[in-house]
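Remarks on the structure that follows.
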Amino acid sequence: MCGIAGACGVDDASYVISLMLKAMQHRGQEAAGIVSYDGSSFHELRGKGLVDEVFADVDYAKALPGRTAIGHIRYSTAGDPDSRESIQPLVAQLRQGPTAIVHNGNLTNYAERRSELEEAGAIFRSKSDTELFLHLIARARGNRRERLSAAFDQVEGAYSLLLMTPRGITAAVDPLGFRPLSMLRFGAGWLFASETCAFDLFRDDPRFAGAVSAPVDRGRVISIDDYCATAFTREAAAPSRHCSFEHIYFSRPDSTVFGRSANAVRERLGRALAAAGPADADLVTAVPDSSNAMAAAYADALGLPFRFALIRNHYTGRTFITPRQTARELGVRMKLGAVRDAVAGKRIVVVDDSLVRGTTARKVVALLRDAGATEVHLRIGSPPVIHPCHWGIDTPSRRELAAADGGIENLRLSIGADSLGYLPLESLREALDDADGSAYCVTCFSGESPLVPLGRRPA
Ligand code: 5GP
Ligand code: MG
53 MCGIAGACGV DDASYVISLM LKAMQHRGQE AAGIVSYDGS SFHELRGKGL VDEVFADVDY
113 AKALPGRTAI GHIRYSTAGD PDSRESIQPL VAQLRQGPTA IVHNGNLTNY AERRSELEEA
173 GAIFRSKSDT ELFLHLIARA RGNRRERLSA AFDQVEGAYS LLLMTPRGIT AAVDPLGFRP
233 LSMLRFGAGW LFASETCAFD LFRDDPRFAG AVSAPVDRGR VISIDDYCAT AFTREAAAPS
293 RHCSFEHIYF SRPDSTVFGR SANAVRERLG RALAAAGPAD ADLVTAVPDS SNAMAAAYAD
353 ALGLPFRFAL IRNHYTGRTF ITPRQTAREL GVRMKLGAVR DAVAGKRIVV VDDSLVRGTT
413 ARKVVALLRD AGATEVHLRI GSPPVIHPCH WGIDTPSRRE LAAADGGIEN LRLSIGADSL
473 GYLPLESLRE ALDDADGSAY CVTCFSGESP LVPLGRRPA
């Protein structure tokens, strides 16, 4: 998973991008980068770490000048997490001129396409699936619309992306709409961002007064040239495949995602979880921050007190701060502490938004018991994750998924909870107003997508 941002027709575009990336830092903490265009050349800055680390002490006007820029924050789910060549934006010199790209999502036919291109002589610089777009666009013929269509027609999978050329910025979303992308138009300029929380930063800025954000619809390709927009729509498959995990975990609750409030969906999930898995307990608590809204709604629905029994250290990244298991385990300890005063002698329901490898759940149950809880009941606001995601959520192999094999009772025992309850898949679909399953991707929970051919099936 990653976050992308773009700005054109904006003074200090690179600074605006850095602010938007920081607002979306939850979408990726491994690396960050910005490329700007000042009317004559591209300027690039990228590195490993948080936005504040990569851009510490940067003089944006000098290092990244111009009124057009795009940026990226990285959470690698494809490619090599250690390679600097994979840090976006990627830039290439095409026949048509320099082109920079940022991309959120995973391509499912990357390996095949890459080897075809390599056999034909292409030289790849990175192991990032994003680079495929640059090769495909470079090889395509015709006008821009024809070239983009030809390139996009050859890739399968999830992509919300921004391309920057000296002419301007092009935004595109794949025909199934896996990942969110929104735009904001104001005066003569445009902003693009994975999440609308990035736009809210500018609500008091007179340049953006009255601007209204809109999603970039799936299958849409929108080009801004000299501050004029032209758009076309590629054929969009009948059902969409918006990622349900964006609503469950990934997006910030103050964002609007796929046209709905992320917070409202999480509250619905919490209420549905209360209906499906009530518990007899003294209090309900969240695993901050990702399950706060769900846990509060769960408590409300059951008339139980909600308390902060776990405290999060905000100066560490997310649990999966690096994609390696040891660092992830240390990350949980570094991140969460139990409030003995709130916990001792209490029967506690702890609500988390999801359970993937089970690392967090195990640690949380142990922390609460250690702090004196007499019972710990774990409730998960999404169904068991039984299948890897090939479109950008970090659940790569079935072997690592705690709920994939062995049954829920074995999982409860291994986590050490007094009870364990999950949200049923039908309740997730209802909370997303998608009872017939025609709008959202739930493959990680169902293992199947009966409505759309999956393309390459995982081994
Ligand atoms: P687990 O610890 O079971 O592997 O993962 C579940 C926990 O990690 C939950 O607290 C959830 O909020 C969070 N989580 C779920 N999916 C992801 C993901 O793709 N990336 C990151 N960074 N955290 C996740
Ligand atoms: Mg969490």
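So for the sequence shown, the working numbering puts the first residue at 53; every next one is plus one.
Where a beta carbon is used, it is the ideal one built from N, C-alpha and C, also for glycine.
Around the C-beta of residue 183, 16 or more other C-beta atoms lie within 10 Å, and the residue is accordingly described as buried. Beta-bridge partners of residue 338 (DSSP): 403. One alpha carbon belongs to residue 189, the other to residue 491, and they sit about 29 angstroms apart. Short note on residue 99: C-beta not closer than 6 angstroms to any heavy atom of the ligand 5GP. Take the alpha-carbon of residue 399 and the one of residue 337: they are about 11 angstroms apart. Residue 102 holds the alpha-carbon nearest to the alpha-carbon of residue 84 among 494, 102 and 96.
Shown here for residue 325: same chain residues with a beta carbon closer than 6 angstroms to its own, the five before and five after excluded, namely 350, 431, 433 and 475 in chain order.
By the neighbour-count criterion, in which a residue is buried when 16 or more other Cβ atoms sit within 10 angstroms of its Cβ, residue 248 is buried.
Residue 386 sits close to residue 368, with the two beta carbons spaced by under 7 angstroms. By the CB criterion at 7 angstroms, residue 301 and residue 342 fall inside the cutoff. Take residue 236, set aside five residues on each side of it, and the residues of its chain with a beta-carbon closer than 6 angstroms to its own are 243, 251, 263 and 265, in chain order.
Taking a contact to require three or more Cβ pairs closer than 8 angstroms, the segment 134-146 and the segment 66-78 do not qualify as touching. Rounded to the nearest whole angstrom, the C-alpha separation of residue 212 and residue 417 is 37 angstroms. Straight across, the Cα-Cα distance linking residue 80 with residue 462 is about 32 angstroms. If you ignore the 5 residues before and after residue 118, its C-beta comes within less than 8 angstroms of the C-beta of 65, 66, 88, 89, 90, 91 and 95, all in its own chain and listed in chain order. The DSSP-derived three-state label of residue 145 is strand. Listed as beta-bridge partners of residue 492 by DSSP are 294. Secondary structure in the segment 386-432: the alpha helix (DSSP H) runs of 4 residues or longer, each lying completely within the stretch, are 392-395 and 411-422 in chain order.
Beyond the five residues adjoining it in sequence on each side, residue 234 comes within less than 8 angstroms, by CB distance, of 244, 245, 246, 247, 248, 251, 265, 266, 267, 268 and 308 in the same chain, given in chain order.
The alpha-carbon of residue 59 is positioned some 22 angstroms away from that of residue 229. For residue 432, the Cβ stays outside the 6 angstroms cut-off from all heavy atoms of the ligand 5GP.
Classified as exposed, residue 365 has fewer than 16 neighbouring CB atoms from the shown chains inside 10 Å of its CB.
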